[in-house]
Every structure is written in structure tokens, then in C-alpha cells.
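Numbering (this note's numbering), first residue to last: 110 to 436.
By construction, the Cβ of each residue, glycine as well, lies at the ideal position given by its N, Cα and C atoms.
The structure under discussion appears below in the form of C-alpha cells.
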Ligand code: FAD
Ligand code: NAP
């Protein structure tokens, strides 16, 4: 295919949101171009078993994402290995500049750049990621049935993750760096009254302890931030829940954001503050942050983009209320 420099629809990101948008947009004959970014396949490529994707009792994350890419390609999407380094939404068509030097102009854009869990940055944390260190209790909690786990953090996510883990684990220890939680009071009450939960205040994780063969976590070294002393706490799993960072670098000065950097969309849609620019998946979602919800929003974004482009072309689309009344 000759390299296209002007497309109707540009999709940025190749996680579940981006590939789902590409499938729907291709079937709507929008001939979308999808730019994969530095992590082709998105966050699921850094996990192993995915057990909550409907239709697959168990599938490896990378395999699921290869299948999604194949699906998008089969529907006719152009999938490009490149990264958008600059996006200009101030004039139309919108302009994306890529790492390779490629410049693409687009009549509509779907942003699906996702979000990344924040990590503490400890070498031992990095070493045991996927081997007992996780940032997703919903994904990995099931593996800690009748085992002891530690959760790091004091916000809503940490408390929700800790409460979720009580369903599986025999003991959940929440470690927080201060003496009060940031989480909502109702969540705090549930946590502090839970018989399986212990909270260790004013401590930070200074090292993950683990075994080499088989590779796995055995505990944590915690440092008391008031007196500097350290203690060893046994654990089979450590969940780091110190917040998520939406990948908003391309648009943070151009679009309305909320909830600490997530792209704001009109409720019930994927429309951002600039007409013709749509956002889907973890980039815009600070609550659910799952593959299936991201895919759902990718579908919505493609349908929203289709309506937008049809209106630009002067093509009448059937109002949604009329469709509903005919059906
Ligand atoms: P992401 O998957 O984050 O993908 C973002 C994409 O944007 C990437 O392809 C990236 O390369 C691209 N991108 C970013 N910047 C640019 C740029 N400048 N130019 C071009 N492209 C760019 N969810 C589940 O439902 N089940 C699970 O079992 C599960 N397990 C998980 C395990 C782990 C370890 C993690 C971290 C998450 C897990 N999740 C799971 C959550 C799930 O992965 C996310 O909710 C989902 O991937 C979000 O999809 P997304 O399409 O919004 O973005
Ligand atoms: P958050 O509110 O930013 O909380 C992050 C927590 O991690 C804080 O307690 C913080 O400590 C701690 N932390 C940050 N960096 C740390 C470090 N380096 N070492 C140790 N601890 C560290 O993030 P979040 O909980 O992911 O929530 C993000 C947003 O989503 C919030 O707006 C939240 O309300 C929302 N959210 C809502 C729900 C819900 O409505 N049910 C659920 C989840 C998330 P300090 O407190 O000391 O800063």
C-alpha cells in the first residue's frame, strides 16, 4: 500500500481500545490508520493469563493482543509501527508527527493511548513484576487464594484492591506512608473493620524479598518513616497501588482533562472538548480500567467518529431516537 499522508480517521494506540475502534471503523469503510506506539498490543502484553475476556476462559495477554491485531488487519485497517511524537489539534485536518518522520493528517482522531500503573521504581520491584509483584488485583488476585498479600498505597485504588483481595487471601496487609488514608471514608471504614486486614501506617516498601527458583515473592522489607527502622514482613504477593498515570502527553495542553489527567469526554460518549477528537479506554477511564471496558469504549469511539465524519460530508445519518423507534 502506498503510504497515506491524509486519512479520514487516525487511531492512536494499539491496546484493546485502539484495535476495537479499528475493527468497527474498518467495517464502516472509514479506512482507518492505527499507529501502534512503543508498546504494540498495550498493557496486556506485560501480563500472562487473562481470565476475564469473554469467550476465552484463559488466554495469554500477548496472544489476545496478537489476535486483536489480526482481526483489525483482516477488516482492512492499516496498522503502522510508529509512535506519535506530536499531535496538533488546533487546526483541521489534525496533524500527527511520528517518530519515523512520517506526518499524517486526519479528519478525525481516536485517542487510545491508555494509562500506565505507577511503580515505586525499586530494582527488586522490577525484578519480581509478574512473579508476585502486580499492579492489578482484579487481574491477579485469584492466584492468592489462602495466601498472604501486601498492598502499597492509601488512595481509593489501594483500599479497593485490598478489599477485593480479602476474597482470596488469608491476610491482607495495607502499607501506607502516612497515618491517614486518602481514600473515601466509606471505603476506609470497610477496610479498617475487615477481620482479614491489617494496616501498617507510616511505612514504605524499601525492598521486595524473593526466591530465585522458582522465582517468587517471599516478603517485604518495610521502613518506618518516623524512626527509620526496618522490619521484614512475610508475603506471597505485593500489589503496588499508588495511582495510575494516563498517557496524556500528546494532548494534555489541548484537551480538557479531569481526575488527575484523564481526558474528559461527554458523559455517555467518547467526544472530547474538540469536535472530531474522541478518546477511549484507560486514557479517559479512571474507574474501571479493564480490557473489556476499553474495548467497549473503542467501539463507541468508532461509532462516534463515523457520525462525526458523516455529518462533515453532509451525509444525513438516521437520528438514534428514530433508529430506536423503528426497531
Ligand atoms: P493500553 O492497553 O494501555 O494501550 C495503550 C496503547 O497506546 C499502547 O499500544 C501504546 O503503545 C499506545 N501509545 C501510547 N502512546 C502512544 C503514542 N504517543 N503514539 C502511538 N501510540 C501510543 N485488564 C483485564 O481486563 N484483564 C486482565 O487480566 C488484566 N490484566 C492486567 C495486567 C497488568 C499487568 C496490567 C498492567 C493491566 C491489566 N489489565 C487487565 C488492564 C488492561 O490491560 C487495561 O485496562 C487495557 O489494556 C487498557 O486498554 P487501552 O486500549 O485503553 O490502553
Ligand atoms: P491516588 O488517589 O493518587 O492515591 C495514590 C496513593 O498512593 C496515595 O495514598 C499516595 O499517598 C500513595 N502514593 C503515591 N506515591 C507513592 C509512593 N511513591 N510511595 C508510597 N505511596 C505512594 O490514586 P488512586 O487511588 O489510583 O486514585 C486515582 C483517582 O481515581 C482518584 O481520583 C480516585 O478518587 C479515583 N478512584 C476512584 C475510585 C472510586 O470512585 N471507587 C476508585 C479508584 C480510584 P499519599 O496519600 O500520602 O499521597
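Contacting residues, own chain, Cβ-Cβ under 7 Å from residue i (five flanking each side not counted)
i, result
"residue 246", "270, 273, 274, 348"
"residue 427", "Because residue 427 carries a pLDDT of 47, less than 50, the predicted location of this residue cannot be relied on, and the following value inherits that uncertainty. Around residue 427: no qualifying Cβ."
Whole-angstrom distance between residue j and residue i, CA atom to CA atom
i, j, result
"residue 434", "residue 197", "Note on residue 434: pLDDT 49, under 50, position unreliable in the model; no value is reported."
"residue 207", "residue 253", "42 Å"
"residue 158", "residue 173", "10 Å"
"residue 315", "residue 332", "6 Å"
"residue 360", "residue 389", "13 Å"
"residue 421", "residue 188", "25 Å"
"residue 310", "residue 371", "29 Å"
"residue 436", "residue 201", "In this prediction, residue 436 has a pLDDT of 43, which is less than 50 and means its spatial position is unreliable; what the coordinates show is noted afterwards. Their Cα atoms are separated by approximately 36 Å."
"residue 113", "residue 278", "53 Å"
"residue 211", "residue 323", "45 Å"
"residue 378", "residue 423", "22 Å"
Sequence-distant residues of its chain with Cβ nearer than 8 Å to residue i (five each side left out)
i, result
"residue 325", "237, 240, 241, 319, 345"
"residue 184", "131, 132, 135, 136"
"residue 338", "332"
Strand pairing of residue i, partner residues [DSSP]
i, result
"residue 373", "In DSSP, residue 373 forms no bridge with anything."
"residue 238", "242"
"residue 197", "204"
"residue 316", "330"
"residue 367", "371"
"residue 162", "165"
Closest residue to residue i among the options (Cα-Cα distance)
i, options, result
"residue 117", "124, 123, 141, 369", "141"
"residue 199", "214, 352, 257", "214"
"residue 395", "223, 204, 408, 362", "223"
"residue 259", "210, 327, 230", "327"
"residue 305", "190, 257, 176, 228", "257"
"residue 209", "192, 411, 338", "192"
"residue 203", "422, 384, 151", "384"
"residue 303", "149, 268, 321", "268"
"residue 227", "365, 402, 351, 393", "351"
"residue 357", "122, 112, 113, 115", "122"
"residue 404", "151, 112, 144", "151"
"residue 251", "276, 189, 263", "276"
"residue 186", "220, 129, 165", "129"
"residue 264", "300, 329, 340, 402", "300"
"residue 139", "167, 154, 216", "216"
The beta strand (DSSP E) enclosing residue i, as first and last residue numbers
i, result
"residue 325", "325-333"
"residue 118", "115-121"
"residue 180", "No beta strand (DSSP E) contains residue 180, which is instead part of the alpha helix (DSSP H) from 170-183."
"residue 220", "212-220"
"residue 187", "187-189"
Host alpha helix (DSSP H) of residue i (start-end)
i, result
"residue 142", "No alpha helix (DSSP H) holds residue 142; the beta strand (DSSP E) holding it covers 142-144."
"residue 413", "400-421"
"residue 266", "265-274"
Residue-level contact to chain E via CB, residue i, 7 Å cutoff
i, result
"residue 422", "Among the chains of the structure shown, chain E does not appear; only one protein chain is present."
Spatial neighbours of residue i in its chain, beta-carbon cut-off 6 Å, leaving aside the 5 residues before and after
i, result
"residue 218", "119, 203, 386"
"residue 398", "391"
"residue 262", "350, 351"
"residue 297", "290"
heavy atom of the ligand ATP below 6 Å from residue i C-beta
i, result
"residue 332", "Among the ligands modelled here, namely the ligand FAD and the ligand NAP, the ligand ATP does not occur."
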